[in-house]
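Chemist: Residue numbers (the UniProt record's numbering): 1 to 452.
(1) Are three or more beta carbon pairs between the segment 277-295 and the segment 96-107 nearer than 8 Å?
(2) Near residue 268, which residues of its chain fall below 6 Å by C-beta distance, leaving aside the five closest residues on each side in sequence?
(3) Rounded to whole angstroms, what's the CA-CA distance from residue 447 to residue 214? Just pull it up for me.
(4) If you drop the 5 nearest sequence neighbours on each side, which residues of the same chain put their C-beta closer than 7 Å to that of residue 149?
(5) Can you check the segment 156-186 for any alpha helix (DSSP H) of at least 4 residues that lies completely inside it and give the ranges in chain order?
(6) Starting from residue 350 and walking both ways along the alpha helix (DSSP H), at which residues does that stretch end?
(7) Any idea which residues DSSP pairs residue 260 with across the strands?
(8) How many angstroms separate the CA atom of residue 66 from the CA atom of residue 379?
(9) For residue 8, does the three-state DSSP call read helix, strand or coil?
(10) Per DSSP, which residues does residue 193 bridge with? Please list them.
(11) Answer with buried or exposed for residue 81, where buried requires no fewer than 16 other C-beta atoms within 10 angstroms of its C-beta.
(12) State the DSSP-derived secondary structure class of residue 58, mapped to helix, strand or coil.
(13) State yes or no: is the C-beta of residue 431 within less than 8 Å of the C-beta of residue 197?
(14) With a cut-off of 8 Å, do at least 3 Cβ pairs link the segment 134-152 to the segment 107-122?
(15) In terms of residue numbering, what span does the alpha helix (DSSP H) encompassing residue 422 cover?
(16) Quick check on the burial criterion: 16 or more other C-beta atoms within 10 angstroms. Buried or exposed for residue 257?
(17) Should residue 106 go down as buried or exposed, given a rule of 16 or more other Cβ atoms within 10 Å for buried?
(18) Could you give the distance in angstroms between the alpha-carbon of residue 255 and the alpha-carbon of residue 155?
(19) How many whole angstroms separate the CB atoms of residue 262 and residue 292, which I take to be in contact at a CB cut-off of 8 Å?
(20) Just tell me which of 400, 39 and 21 has its CA closest to the CA of residue 224.
(21) Alpha helix (DSSP H) containing residue 123: first to last residue?
(22) Could you tell me the alpha carbon to alpha carbon distance between residue 76 and residue 91, rounded to whole angstroms?
(23) Would you call the segment 1-16 and the segment 155-173 in contact, with 3 or more CB pairs under 8 Å?
(24) How about residue 193 and residue 237: do their beta carbons lie closer than 8 Å?
(25) Counting Cβ pairs closer than 8 Å, one from the segment 157-164 and one from the segment 124-132, do we hit at least three?
(26) Who are the Cβ neighbours of residue 311 in its own chain at under 6 Å, not counting the five residues just before and after it?
(27) Within its chain, find whatever has a CB closer than 6 Å to the CB of residue 204; leave out the 5 residues flanking it on each side and keep chain order.
(28) Could you tell me the boundaries of the alpha helix (DSSP H) in which residue 445 lies?
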């Protein structure tokens, strides 16, 4: 099954290998990335905050010093989401009134990426406050999907997905609380990984309204939200996940042929558009014919309607940060502890699922890349099979892994036709907590079968 690809440029590990072999210098790799960005970004608008001058100076220094053994990304140009702190670069989350916030220190993840040899060439675009499946704001403008400039690349890590899909850079690190890594990967036809909650530090990823307050003390992570990578192949995803991980991850090594899979394609309260259903069913059929054991239902699965309600309540509370939620209500301490209890119960149910199944497959979203709109997706409706469905209902596909804090890898599986356009389609591969590398490996094996 072919899927739409816009570039044949090498990935992160391939670039690093060429540099180590002396086939390419770091300066040449960085210069080439800058040229691609300057050529492509006028129409895509993926890069929000370029850092070309410092990247070039860093590249020269790296060529002089050479790589260390612990630098798997040595010389690889990459980007990070605008919301991550990079010393000396603006971080405003799309707010005009916050453009004066320039952090003095790198986020913990950015420090890890640089230590691994990556060269940060800039930061990528986001929706205001990271709260949309689009990526536009009054400061940096609108990012276009490189497959169709009239459509969204997804959000909130949409700028990063567009940069990777178009070939500007090989990889990006974004964040995900409502599908913000997975939906852009799905919309743009690339690979993305939602890490297990708490695996990758988010120290240095704080709203600038809070971060610039005197005496503010940052936390390593907030509830639900994670940092996760985007790339054009699973090998790069695995390395990026390992670099960000705060401890070493184990990998089972169990081949996909020996795994038992559960596919969940029907969600309560949100139908699946035919443009997603058709390539998903085709992919599941191809995997089954290859001998992969896939079941379509199980009594072990939690009540997904209740999970979605609890997820939305917790999401609203987390995003409001003490202010009234979109429904006008302010959460109490009792409300919060009730949500934590509901989350713990839900996690226990998913643990039971993964005692029987190795992985759960599901669509990342009910639709393919949506046309641009001025209204945020979650304040309006999605066109699903010609009918309006609440944007919030579509979050049930994201919340599947977010509420229990589980890892989920999105791989491109093919394409579908949505509102008259042929667009990329992805699929989630979800696994038990901290089985991140297993999810990526399984997705990689599926990709080999589907794209043979």
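Note that beta-carbon positions come from the ideal geometry of N, C-alpha and C, so glycine has one too.
As the structure is a prediction and not an experimental result, all values here were calculated from the model.
Modeler: Looking at the coordinates:
(1) no
(2) 304 and 305
(3) 49 Å
(4) 43
(5) 158-166
(6) 333-356
(7) 293
(8) 50 Å
(9) coil
(10) 409
(11) buried
(12) helix
(13) no
(14) no
(15) Looking at the DSSP string, residue 422 is not in any alpha helix (DSSP H); the run it does join, the beta strand (DSSP E), is 421-430.
(16) exposed
(17) buried
(18) 33 Å
(19) Their Cβ separation, rounded to whole angstroms, is 12 Å, which puts residue 262 and residue 292 out of contact at 8 Å.
(20) 400
(21) Where residue 123 is concerned, there is no enclosing alpha helix (DSSP H), although the beta strand (DSSP E) it sits in stretches over 119-124.
(22) 23 Å
(23) yes
(24) yes
(25) yes
(26) 399 and 403
(27) 85, 107 and 108
(28) 436-450
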